[in-house]
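Residue numbering for the sequence shown is 1 to 215, as defined by the numbering used here. Worksheet: one structure, shown below.
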Amino acid sequence: MKRCYLVRHGQTAWNSESRIQGYSDLPLSPLGHRQAKRVGVFFAAAHLNAIFTSPLQRSRETAQAIAAGNGHGVVPIVEQELAEMRLGAWEGLTPVEVDARFQGAYQQWRVKPSSVLIPDAEPLEAFRTRVRRVSEKILSGVPEGECVVVSHGGVIAALLADFLQADYDALLRRVRLDNAGITAIEYGVGTPHVLWINSTSHLEALSQSPAEGWF
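Now the structure itself:
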């Protein structure tokens with residue numbers, strides 16, 4: 001039996017400003033560092049056999065905090081394909097700015113993300129294909145036991161859509177994934193089981209407010 005924890009990175013300055021990040025490489029904010037340490041405490045007693053992380057700073061810093069909190073000498077492994085979707089011309093903008101510059105495109109995205117063509121962005125199907133590919137690589141390579149994958153809201157949503165055989169557009173609209181939230185998936189024989197989505201009980205003492213969107 002394998003259990004994989006999907007962790008969204010801690011908060012960045014752009015998250016707090018509801019700015020779309022995509023592949024932009026920002027570090028954690030002071031709150032993000034505190035969130036990451038709380039995730040490390042959550043995993044302190046876990047016997048993790050691996051920690052995987054996106055190459056982007058916000059994810060790597062969260063993974064390093066998990067490794068430090070766990071204290072079992074597990075070194076995070078960087079997987080390039082765990083990076084967030086490249087969102088081209090939208091990166092650095094708020095939803096209001098996107099709507100102003102691109103004729104209400106963010107509001108259209110909220111209704112049906114797959115219907116929106118973002119200038120210079122990574123095609124949605126190419127993004128989902130690479131996320132599926134890295135997921136299969138990780139799951140086939142880790143032994144029985146527990147592992148952690150630190151990544152991004154869009155990546156975790158893509159994985160959940162596959163695991164649940166759900167419509168990606170519907171899942172993006174209806175599932176919330178907070179900074180430093182933890183989702184758990186269990187793999188045995190056959191179909192993976194989603195144990196929980198976006199647990200944030202380890203963050204209860206921290207003051208935070210969810211930003212608009214995940215990216």
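C-beta: ideal position from N, C-alpha, C; glycine also.
- Query: Quick one, are the C-beta atoms of serine 151 and arginine 34 less than 9 Å apart?
  - Reply: It is not a contact, given that the beta carbons lie outside the stated cut-off.
- Message: Since glutamine 108 and serine 115 should fall inside the 8 Å C-beta cutoff, what is the C-beta to C-beta distance between them, to a whole number of angstroms?
- Response: Right, their Cβ atoms sit about 6 Å apart.
- Task: Please name the residue in Gln11, Glu144, Gly71 and Ser59 whose C-alpha comes closest to that of valine 189.
- Result: Nearest Cα to valine 189 within the set Gln11, Glu144, Gly71 and Ser59: Glu144.
- Query: Are the region 86-97 and the region 48-68 touching, with three or more C-beta to C-beta distances below 8 Å?
  - Reply: Output reads no: the region 48-68 does not touch the region 86-97.
- List in chain order: all unbroken beta strand (DSSP E) runs of 3+ residues lying wholly within the region 25-80. Listed in chain order, the complete beta strand (DSSP E) runs (minimum 3 residues) inside the region 25-80 are 48-53.
- Message: Residues in the same chain with beta-carbon distance under 8 Å from proline 76, minus the five sequence neighbours each way, listed in chain order, please.
- Response: Result list for proline 76: Ile51, Phe52, Thr53, Arg60, Ala63, Gln64, Ile66, Ala67 and Val150, in chain order.
- Message: Considering only the alpha carbon of each residue, which of Ala44, Gly153, Leu139 and Glu81 lies closest to asparagine 15?
- Response: Considering only alpha carbons, the answer is Gly153.
- Residue from Gly10, Ala205 and Val131 whose Cα sits closest to the Cα of alanine 180: Per the Cα distances, Gly10.
- Message: On a Cα-Cα basis, can you pick out the residue from His47, Gly92, Glu91 and Glu81 that is closest to glycine 71?
- Response: Looking at the Cα atoms, His47 is the closest of the given residues.
- Just grab the DSSP bridge partners of histidine 193 for me. Beta-bridge pairing links histidine 193 to Glu186.
- Task: Kindly indicate the opening and closing residues of the alpha helix (DSSP H) around tyrosine 168.
- Result: Counting along the chain, the alpha helix (DSSP H) containing tyrosine 168 begins and ends at 168-174.
- Checking contacts by CB at 9 Å: is serine 140 closer than that to chain C? This model lacks chain C altogether; it includes just one protein chain.
- For proline 113 versus tyrosine 168, is the C-beta distance shorter than 9 Å? Result yes, Cβ atoms of proline 113 and tyrosine 168 sit closer than 9 Å.
- Excluding the five sequence neighbours on either side, which residues of its own chain have a C-beta within less than 6 Å of the C-beta of alanine 161, listed in chain order? Only residues of its own chain outside the window of five on either side were considered, and among them Tyr168 and Leu171 have a CB closer than 6 Å to the CB of alanine 161, listed in chain order.
- Once you ignore the five residues that flank leucine 177 on each side, which residues in its own chain have a CB closer than 8 Å to its CB? So the list reads Arg8, Gly153, Ile156, Ala157, Thr183, Ile197, Asn198 and Trp214, once near-sequence residues are dropped.
- Query: What are the start and end residues of the beta strand (DSSP E) that includes lysine 2?
  - Reply: Taken as a continuous stretch (DSSP letters only), the beta strand (DSSP E) holding lysine 2 covers 2-8.
- Message: Is leucine 195 near the ligand COA - that is, is its Cβ less than 8 Å away from at least one heavy atom of it?
- Response: Of the ligands one can find in the structure shown there are none, so the ligand COA has no counterpart to examine.
- Message: To the nearest angstrom, how far is the alpha carbon of alanine 126 from that of glutamate 136?
- Response: In this structure, the alpha-carbon of alanine 126 lies about 15 Å from that of glutamate 136.
- DSSP state of serine 18, grouped into three classes? In the structure shown, serine 18 sits in coil (DSSP, three-state: anything other than H, G, I, E or B).
- Query: On the premise that arginine 19 lies in contact with glycine 92, defined as a C-beta separation below 8 Å, what is that separation, rounded to the nearest angstrom?
  - Reply: Contact holds; Cβ gap of about 6 Å.
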